[in-house]
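**Q**
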Amino acid sequence: MDERPIEIAWTLGRYRGERRVLDVGYAFAEPIWLSALIVAHPRELTGVDLVERDVPGMQSMVADARKLPFANRSFDLVFCISTLEHVGSDNTRYGAGSEHDPRGPLDALRELRRVVT
1234 MDERPIEIAW TLGRYRGERR VLDVGYAFAE PIWLSALIVA HPRELTGVDL VERDVPGMQS
1294 MVADARKLPF ANRSFDLVFC ISTLEHVGSD NTRYGAGSEH DPRGPLDALR ELRRVVT
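My numbering runs 1233 ahead of the 1-based position in the sequence shown.
Next up, the structure:
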């Protein structure tokens, strides 16, 4: 059974109209997830990933979740679905590099905390 439909519905249920939203790991996200984010229409919707993907309605940029190019408290809400387990790992199948950084997920969590209000 694919847990993705439940995961997406549960996550979207947490959105309360926050204005500045960051989606980490958007480039290979399910199309229904990206569509739902666009329809939610936050004032600013930004996506970061190791590779770029053009998503209309989203400002996208290439960035490592461990070193986000944003000031402290730049976002009101951060989404990060099925991404942390890939941080610091072999991401060549996604068009990015390969590494082994066991601290990657923890470092990424610290960064996410830093950029959210």
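Note that the Cβ used here is the ideal one computed from N, Cα and C, for glycine as well.
So, helix, strand or coil for Arg-1343, using DSSP?
**A** Taking the sequence shown and counting its residues from 1, one reaches residue 1343 at position 110. Arg-1343: helix per DSSP, three-state reduction.
**Q** Based on Cα-Cα distance, which residue from Gly-1246, Arg-1253, Glu-1344, Ser-1293 lies nearest to Glu-1277?
**A** On the sequence shown, position 44 is the one that residue 1277 refers to. Among Gly-1246, Arg-1253, Glu-1344, Ser-1293, the Cα nearest to that of Glu-1277 is on Arg-1253.
**Q** Around the C-beta of Val-1281, are 16 or more other C-beta atoms found within 10 angstroms, so that it is buried, or is it exposed?
**A** Mapped onto the sequence shown, residue 1281 falls at position 48. Per the 10 Å Cβ criterion, buried.
**Q** For the candidate residues Gly-1258, Tyr-1259, Pro-1264, Ala-1269, whose alpha-carbon lies nearest to that of Tyr-1248?
**A** For the purposes of this step, residue 1248 is identified with residue 15 of the sequence shown, where counting begins at 1. Answer by Cα proximity: Ala-1269.
**Q** Answer with buried or exposed for Met-1188, where buried requires no fewer than 16 other C-beta atoms within 10 angstroms of its C-beta.
**A** Nothing can be reported for residue 1188, as the shown portion of the chain is limited to 1234 through 1350.
**Q** Going by the CB atoms, is the gap between Leu-1317 and Pro-1338 shorter than 7 Å?
**A** To locate residue 1338, count along the sequence shown from 1; it is residue 105. To locate residue 1317, count along the sequence shown from 1; it is residue 84. Result yes, Cβ atoms of Pro-1338 and Leu-1317 sit closer than 7 Å.
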